[in-house]
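Everything below concerns the one structure shown next.
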Amino acid sequence: MSSPEEEQEVGDPQLQTSNFHSKLPVLDKSKSEDGSFSSPLDVLSKMIGLDTLYCVLSEEHLGLQLLLKDTLKKLKAEEKSRKDAEARLSNPINVALTERIQALEESEARLRRENKDLREENDLLEF
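Those letters in the sequence shown? Residues 1 to 127, per UniProt numbering, in order.
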(Lines of atoms letter the chains of each structure in order from A and count residues from 1; the text may use other names and numbers.)
(Lines give C-alpha, C1' and ligand atoms only; values in the text may rest on other atoms or scores of the structure.)
Protein backbone atom coordinates (compact mmCIF):
# COMPACT_ATOMS: atom_id res chain seq x y z
CA MET A 1 0.00 0.00 0.00
CA SER A 2 2.37 2.69 1.21
CA SER A 3 6.02 2.68 1.97
CA PRO A 4 7.37 3.12 5.52
CA GLU A 5 8.83 6.40 4.32
CA GLU A 6 5.36 7.71 3.45
CA GLU A 7 3.90 6.47 6.75
CA GLN A 8 6.65 8.17 8.72
CA GLU A 9 6.10 11.43 6.89
CA VAL A 10 2.33 11.24 7.30
CA GLY A 11 2.71 10.58 11.03
CA ASP A 12 4.88 13.68 11.42
CA PRO A 13 2.78 16.57 12.78
CA GLN A 14 5.18 19.05 11.21
CA LEU A 15 4.50 17.70 7.72
CA GLN A 16 5.50 20.12 5.00
CA THR A 17 4.51 19.79 1.38
CA SER A 18 8.00 20.66 0.17
CA ASN A 19 9.49 17.44 1.56
CA PHE A 20 6.45 15.21 1.14
CA HIS A 21 7.57 13.07 -1.76
CA SER A 22 11.03 11.71 -2.39
CA LYS A 23 10.70 12.27 -6.15
CA LEU A 24 10.20 16.00 -5.69
CA PRO A 25 13.13 18.25 -4.88
CA VAL A 26 12.90 20.43 -1.80
CA LEU A 27 12.18 23.95 -2.92
CA ASP A 28 11.68 27.19 -1.09
CA LYS A 29 10.52 30.40 -2.63
CA SER A 30 13.45 31.49 -4.70
CA LYS A 31 14.37 34.75 -6.26
CA SER A 32 14.58 34.65 -10.00
CA GLU A 33 17.07 36.59 -12.09
CA ASP A 34 14.70 39.50 -12.59
CA GLY A 35 14.27 39.92 -8.82
CA SER A 36 10.74 38.51 -8.53
CA PHE A 37 9.90 35.54 -6.37
CA SER A 38 8.83 32.33 -8.05
CA SER A 39 6.73 29.72 -6.31
CA PRO A 40 7.94 26.14 -5.85
CA LEU A 41 5.17 25.02 -8.21
CA ASP A 42 6.52 27.22 -11.00
CA VAL A 43 10.05 25.94 -10.45
CA LEU A 44 8.90 22.32 -10.32
CA SER A 45 6.79 22.65 -13.45
CA LYS A 46 9.80 24.03 -15.30
CA MET A 47 12.14 21.32 -13.97
CA ILE A 48 10.07 18.18 -14.41
CA GLY A 49 6.94 19.19 -16.29
CA LEU A 50 3.35 19.53 -15.23
CA ASP A 51 2.36 16.02 -16.36
CA THR A 52 5.04 14.38 -14.24
CA LEU A 53 4.22 16.63 -11.31
CA TYR A 54 0.53 15.79 -11.64
CA CYS A 55 1.28 12.04 -11.75
CA VAL A 56 3.47 12.24 -8.66
CA LEU A 57 0.87 14.25 -6.76
CA SER A 58 -1.88 11.86 -7.88
CA GLU A 59 0.15 8.92 -6.55
CA GLU A 60 0.62 10.70 -3.25
CA HIS A 61 -3.07 11.57 -3.05
CA LEU A 62 -4.09 7.97 -3.71
CA GLY A 63 -1.57 6.71 -1.15
CA LEU A 64 -2.89 9.11 1.46
CA GLN A 65 -6.48 8.12 0.71
CA LEU A 66 -5.62 4.44 1.16
CA LEU A 67 -3.73 5.18 4.36
CA LEU A 68 -6.67 7.19 5.69
CA LYS A 69 -9.10 4.40 4.81
CA ASP A 70 -6.91 1.82 6.55
CA THR A 71 -6.44 4.04 9.60
CA LEU A 72 -10.18 4.68 9.90
CA LYS A 73 -10.86 0.96 9.60
CA LYS A 74 -8.39 0.23 12.42
CA LEU A 75 -9.87 3.03 14.52
CA LYS A 76 -13.41 1.67 14.16
CA ALA A 77 -12.23 -1.84 15.07
CA GLU A 78 -10.44 -0.52 18.17
CA GLU A 79 -13.48 1.52 19.22
CA LYS A 80 -15.72 -1.53 18.81
CA SER A 81 -13.40 -3.75 20.86
CA ARG A 82 -13.15 -1.06 23.56
CA LYS A 83 -16.94 -0.74 23.77
CA ASP A 84 -17.32 -4.52 23.92
CA ALA A 85 -14.74 -4.74 26.71
CA GLU A 86 -16.45 -1.95 28.65
CA ALA A 87 -19.81 -3.67 28.24
CA ARG A 88 -18.39 -6.95 29.51
CA LEU A 89 -16.80 -5.28 32.52
CA SER A 90 -19.80 -3.16 33.45
CA ASN A 91 -22.26 -6.08 33.50
CA PRO A 92 -22.76 -6.99 37.22
CA ILE A 93 -23.16 -10.68 36.46
CA ASN A 94 -19.83 -10.70 34.63
CA VAL A 95 -18.15 -8.87 37.50
CA ALA A 96 -19.44 -11.44 40.00
CA LEU A 97 -18.41 -14.32 37.75
CA THR A 98 -14.96 -12.82 37.25
CA GLU A 99 -14.46 -12.58 41.00
CA ARG A 100 -15.64 -16.16 41.43
CA ILE A 101 -13.27 -17.36 38.69
CA GLN A 102 -10.34 -15.62 40.38
CA ALA A 103 -11.23 -17.20 43.73
CA LEU A 104 -11.48 -20.65 42.14
CA GLU A 105 -8.15 -20.22 40.34
CA GLU A 106 -6.47 -19.26 43.62
CA SER A 107 -8.06 -22.28 45.31
CA GLU A 108 -6.89 -24.53 42.47
CA ALA A 109 -3.32 -23.23 42.79
CA ARG A 110 -3.39 -23.79 46.57
CA LEU A 111 -4.73 -27.35 46.14
CA ARG A 112 -2.10 -28.14 43.50
CA ARG A 113 0.66 -26.97 45.87
CA GLU A 114 -0.78 -29.09 48.68
CA ASN A 115 -1.02 -32.09 46.34
CA LYS A 116 2.61 -31.66 45.31
CA ASP A 117 3.73 -31.33 48.93
CA LEU A 118 1.78 -34.45 49.94
CA ARG A 119 3.26 -36.45 47.05
CA GLU A 120 6.77 -35.41 48.07
CA GLU A 121 6.02 -36.32 51.68
CA ASN A 122 4.59 -39.68 50.57
CA ASP A 123 7.73 -40.39 48.50
CA LEU A 124 9.91 -39.64 51.53
CA LEU A 125 7.85 -41.95 53.76
CA GLU A 126 8.22 -44.83 51.29
CA PHE A 127 11.99 -44.87 51.82
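Glycine is no exception: its CB is placed at the ideal position from the N, C-alpha and C atoms.
It should be emphasised that the depicted structure is a prediction, and the values quoted were computed from it without experimental measurement.
What would DSSP say about residue 91, mapped onto helix, strand or coil?
Three-state result, residue 91: coil.
Tell me which residue opens and which closes the alpha helix (DSSP H) that residue 45 is part of.
Where residue 45 is concerned, the enclosing alpha helix (DSSP H) starts and stops at 40–48.
Going straight from the alpha carbon of residue 134 to that of residue 87, what length do you get?
Absent from the structure is residue 134, since the part of the chain shown begins at 1 and ends at 127.
Can you give me the C-alpha to C-alpha distance between residue 42 and residue 66, rounded to a whole angstrom?
Their backbone Cα atoms lie some 29 Å apart in a straight line.
Round the Cβ separation of residue 44 and residue 53 to the nearest angstrom and send it over; I've been treating them as touching at under 8 Å.
Distance from residue 44 to residue 53 at the Cβ level is roughly 5 Å; contact confirmed, criterion being Cβ atoms closer than 8 Å.
Regarding residue 79 and the ligand MN, is the C-beta to nearest heavy atom distance less than 7 Å?
With respect to the ligand MN, the structure offers nothing, as it holds no ligand at all.
Taking buried to mean at least 16 other C-beta atoms within 10 Å of its own C-beta, is residue 60 buried or exposed?
With 16 or more other Cβ atoms from the protein chains shown falling within 10 Å of its own Cβ, residue 60 counts as buried.
Measuring straight from C-alpha to C-alpha, what distance separates residue 84 and residue 98?
Approximately 16 Å between the Cα atoms of the pair.
Give me the Cα-Cα distance between residue 57 and residue 48, rounded to the nearest whole angstrom.
About 13 Å.
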